[in-house]
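S.K.: What follows is a single structure, and I will ask about it in a moment.
Protein chains in written order, with my numbering: chain A, 1 to 347; chain B, 1001 to 1503.
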């Protein structure tokens, strides 16, 4: 009798644990779908496929920067300079086309190189000078934000502007460059295609190649990785270079969208991208940073923001919604998950 | 003698869950004596010290000071009744960011004996008083310095001066010399001699037999949570080592046919492990298991890590199968087929949350990848192969290594290297935290590997382990080779004697 009771109790306990695990694994996706269904059912505007695609388009920059951050989180760090790099990309692309009268293709190459260079600088600070990831990239963030203002004297760059010597800027944003953000492939905006491609590439790199495997190893235990023959410093640094390039791709889309070298562009990107990557660690219940999680995290935040905006939630209160989404995600991975979650090690 | 004892410990017991660490320790510490406490890893030394310093409470037994029973329920109480402990990790004892003066007076500050607002200048005279306990001739400007800036020896002296500020009734020193150079050690010893002369008893914990030989009046040996030997000067080191390491374990050793390797696979020339130790030459031969035995601080891990390129030797060169070998790091060592199973499994081998298959494949990702793209089928086969080869008890190769028992974890960590093509296989403490069954399996495998022509080196601090697995036995003391012979030409007693010879 008492045996039966005990058995029932353990059975109940086990069921509770299994429910909890299921919640951690699928809870977030279920929440996303429920929200989507709710907004679709109650708001006609939300149901419109155009709304859906424009929503995806506007989250694309955050998603790409979040994918970059995902790489740095995989090696146990965090890149705080992504917003600054995206801002740099906007100014640099504008300068290349407007000041130097170059084609859009040249601007793209310049921007990608700059992103890689900033990543390399981060890698140097972290791997060679041994500054903790967060602090090193914080310094880089300030330097990059300030540095981009110097050649433009703190001014936004736009076609036909008057230069310092009184002459008129020779170039303009080329039409092919502006197409980056405006083109559609069928009904799908081009930036959404870019996000999809980068997500697949990131997923493949991180989970299907030995390089990605070594990056995850470094994030799990750098010393054990070193003693297993992983060239820790190389792959740790590589994650930051990739992150820099991703941030600059995000910057290119942003630049094409704005159509001028707005010096304030990218300033709010960092926090959104970090939030998306953090949400991404819990979306699939994996408890570790991963490509699809980050992409879904961006989608989820997009749904929430768009839905609430259509419902009349004031735009200036959007950050509240982002914060709630992030905290719910953290509850899923820290409070409910029985797995030990590893996010960011500060040192 | 007994009636004079200042500190008497009676029947001290301590257990963590089912694990009984101290099984009734009886110890008397006499005034004006330096009592040395000796014990192997896991003997219960640090637990005993933590009880005396108030870190652990709730143990059974009585502690009496001058005949009065005492309750030590916190580190604060321990200090108040005069039990001062200088812990092994020097950096845990000082607070960087504060000046030397503030660190010297830290106890008074923490207990609000000094005004809440006090200028550094007003603290200086009091700080100098504390420093005077050790005749530290520190100037005002030095006292104002941040502790962060001063050398490790001065930090040690600072902690010691602070401990002595209120004339303790017992001073406990836990491995106080581990970070000091020879001249700093000499200085510490003269301080300890002075303390003894002034009547303060000292409990001195160390692995370094030479230090105990110079310093101590009495020697007590702790093993398996009990005092197993007590001696007064002059010390019989062989007996002390026997007390410390225990008689032969009841479990019968598996006998094996001793193999003698003929070709030298790794040749070490003029290798120097510590700045204080002399260089030596050593040949590692393939086809035999070389057992390196040494206590903590003997340099055995330094030897292994140096060969593997994880750290660099103080000096010396290596030749691997006739070619110059100077690995810049572990990855280069592995490319040269030199592998290491490091000493600390949790910190240096395991990846939290990683499965058996992933842990096993990490050093040899090339083998399971084509053009850098991983083949999960091959990885699965590798994991299953390891589980079968080493009879790892697991649900499958997807099980996380963390969730395995210690012995099975170690099987995975040792076994994964056998997927490569080792020329030299180094195993540092491969049997630590491993049950007897797994230990058997691992040592049998190790001997098989050596039989197939690999130079296997097992490094351990346990005599039984080295006798169980090694053909050739090397005794390492203070970073130098004290014995190098075949297992059949020596025995347990001789090894103990060599380990106990004081320089």
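Virtual Cβ for every residue (Gly too), placed ideally from N, Cα, C.
By Cβ distance below 8 Å, which residues in the same chain neighbour residue 284 of chain A in space, the five residues on each side in sequence not counted?
M.R.: Here the set comprises 25, 28, 29, 290, 292, 293, 296.
S.K.: Give the single residue among B:1455, B:1436, B:1442 whose Cα lies nearest to the Cα of residue 1559 of chain B.
M.R.: Past the edges of chain B, shown from 1001 to 1503, lies residue 1559 of chain B, and the structure says nothing about it.
S.K.: Within the continuous alpha helix (DSSP H) that includes residue 1472 of chain B, where are the two ends?
M.R.: Here residue 1472 of chain B belongs to no alpha helix (DSSP H); instead the beta strand (DSSP E) covers 1472-1477.
S.K.: Once DSSP output is grouped into helix, strand and coil, what is the label at residue 1487 of chain B?
M.R.: Note: residue 1487 of chain B maps to helix in three-state DSSP.
S.K.: Spatial neighbours of residue 257 of chain A within its chain, please: C-beta separation below 7 Å, excluding the five flanking residues on both sides.
M.R.: So the list reads 181, once near-sequence residues are dropped.
S.K.: Which ranges would you report for the alpha helix (DSSP H) in the region 191-273 of chain A if only whole runs of at least 4 residues count?
M.R.: Listed in chain order, they are 210-220, 222-227, 232-258.
S.K.: Since residue 1288 of chain B and residue 1488 of chain B should fall inside the 8 Å C-beta cutoff, what is the C-beta to C-beta distance between them, to a whole number of angstroms?
M.R.: At roughly 12 Å, the Cβ-Cβ gap does not stay under 8 Å, so residue 1288 of chain B and residue 1488 of chain B are not in contact.
S.K.: Any idea what DSSP makes of residue 1070 of chain B, helix, strand or coil?
M.R.: In the structure shown, residue 1070 of chain B sits in a strand (DSSP, three-state: E or B).
S.K.: Compare the C-beta of residue 1348 of chain B with all C-beta atoms of chain A and state if any pair is closer than 8 Å.
M.R.: Yes, contact with chain A.
S.K.: Along the chain, which unbroken stretches of the alpha helix (DSSP H) at least 4 residues long are found entirely within the region 1224-1302 of chain B?
M.R.: List check, alpha helix (DSSP H) in window: 1237-1245.
S.K.: Suppose contacts are defined by Cβ-Cβ distances below 8 Å. Is residue 189 of chain A in contact with residue 56 of chain A by that definition?
M.R.: In contact: residue 189 of chain A and residue 56 of chain A (Cβ atoms closer than 8 Å).
S.K.: Listed in chain order, which residues of the region 112-127 of chain A have Cβ atoms closer than 9 Å to some Cβ of chain B?
M.R.: Of all residues in the region 112-127 of chain A, none has a Cβ within less than 9 Å of some Cβ in chain B.
S.K.: Would you say the region 42-60 of chain A touches the region 214-225 of chain A, given that touching needs at least three Cβ pairs under 8 Å?
M.R.: Short answer: they don't touch.
S.K.: Which stretch, first to last residue, makes up the beta strand (DSSP E) that contains residue 1156 of chain B?
M.R.: Here residue 1156 of chain B belongs to no beta strand (DSSP E); instead the alpha helix (DSSP H) covers 1152-1164.
S.K.: If contact is defined by three or more beta carbon pairs under 8 Å, each pair taking one atom from either stretch, is the region 1336-1348 of chain B in contact with the region 1289-1296 of chain B?
M.R.: Too few Cβ pairs lie closer than 8 Å, so no.
S.K.: Just to confirm my understanding: we take residue 1250 of chain B, look at its own chain, exclude 5 residues before and 5 after, and list those with CB closer than 8 Å. What are they?
M.R.: With a pLDDT of 44 at residue 1250 of chain B, under the threshold of 50, the modelled position of this residue cannot be trusted; read the value that follows with caution. Closer than 8 Å at Cβ, skipping near neighbours: no residue.
S.K.: Can you list, in chain order, the residues of its chain with a C-beta nearer than 7 Å to that of residue 1246 of chain B? Leave out the 5 residues immediately preceding and following it.
M.R.: Contacts found: 1223.
S.K.: Distance check for residue 1110 of chain B and residue 143 of chain A, CA to CA, integer angstroms please.
M.R.: Their backbone Cα atoms lie some 42 Å apart in a straight line.
S.K.: What number of angstroms, rounded off, separates the C-alpha of residue 1282 of chain B from the C-alpha of residue 1269 of chain B?
M.R.: Cα-Cα distance, rounded: 7 Å.
S.K.: Residue 229 of chain A versus chain B: which residues are under 7 Å apart at the beta carbon?
M.R.: Ordered by position in chain B, the residues that pass the 7 Å Cβ test against residue 229 of chain A are 1330, 1331, 1334, 1363.
S.K.: Does residue 221 of chain A have its Cβ less than 8 Å from a Cβ in chain B?
M.R.: For residue 221 of chain A, the answer is yes, since a Cβ of chain B falls inside 8 Å of its Cβ.
S.K.: Tell me, please, which residues DSSP counts as bridged to residue 1172 of chain B.
M.R.: In the DSSP output, where bridge partners are listed per residue, residue 1172 of chain B has B:1085, B:1203.
S.K.: What does the alpha-carbon distance come out to for the pair residue 141 of chain A and residue 1379 of chain B?
M.R.: One C-alpha to the other measures close to 40 Å.
S.K.: With 16 as the cutoff for other CB atoms within 10 Å, does residue 1067 of chain B come out buried or exposed?
M.R.: Its Cβ having fewer than 16 others within 10 Å, residue 1067 of chain B is exposed.
S.K.: For residue 1480 of chain B, name the three-state secondary structure that DSSP assigns.
M.R.: Three-state result, residue 1480 of chain B: strand.
S.K.: Mind pulling the beta strand (DSSP E) runs of 3 or more residues that sit fully within the region 1356-1429 of chain B?
M.R.: Complete beta strand (DSSP E) runs here, min 3: 1424-1428.
S.K.: Is the distance from the Cβ of residue 76 of chain A to the Cβ of residue 280 of chain A below 8 Å?
M.R.: Their beta carbons are not under 8 Å apart, which means residue 76 of chain A does not touch residue 280 of chain A by this criterion.
S.K.: Let me know the secondary structure DSSP gives residue 1500 of chain B once reduced to three states.
M.R.: Helix at residue 1500 of chain B.
S.K.: Per DSSP, what kind of secondary structure is residue 62 of chain A in: helix, strand or coil?
M.R.: Here residue 62 of chain A sits in helix by DSSP.
S.K.: In chain order, what are the residue ranges of uninterrupted alpha helix (DSSP H) at least 4 long that sit wholly in the region 126-188 of chain A?
M.R.: Whole alpha helix (DSSP H) segments, 4+ residues: 133-147, 175-182.
S.K.: Which residues of chain B have a Cβ atom closer than 8 Å to the Cβ of residue 211 of chain A, listed in chain order?
M.R.: The answer, in chain order, is 1372.
S.K.: Name, going along the chain, the residues of the region 1123-1139 of chain B whose beta-carbon falls closer than 9 Å to a beta-carbon of chain A.
M.R.: Per Cβ criterion, the list is empty.
S.K.: Mind checking if residue 239 of chain A is an interface residue toward chain B, Cβ cutoff 8 Å exclusive?
M.R.: No, because no Cβ of chain B sits closer than 8 Å to the Cβ of residue 239 of chain A.
S.K.: Quick one: give me the first and last residue of the alpha helix (DSSP H) that residue 1432 of chain B is part of.
M.R.: Premise fails: residue 1432 of chain B is in no alpha helix (DSSP H) and is neither H nor E.
S.K.: Would residue 1161 of chain B pass as a contact of residue 1104 of chain B if the rule is Cβ separation under 8 Å?
M.R.: A contact, by the Cβ cut-off of 8 Å.
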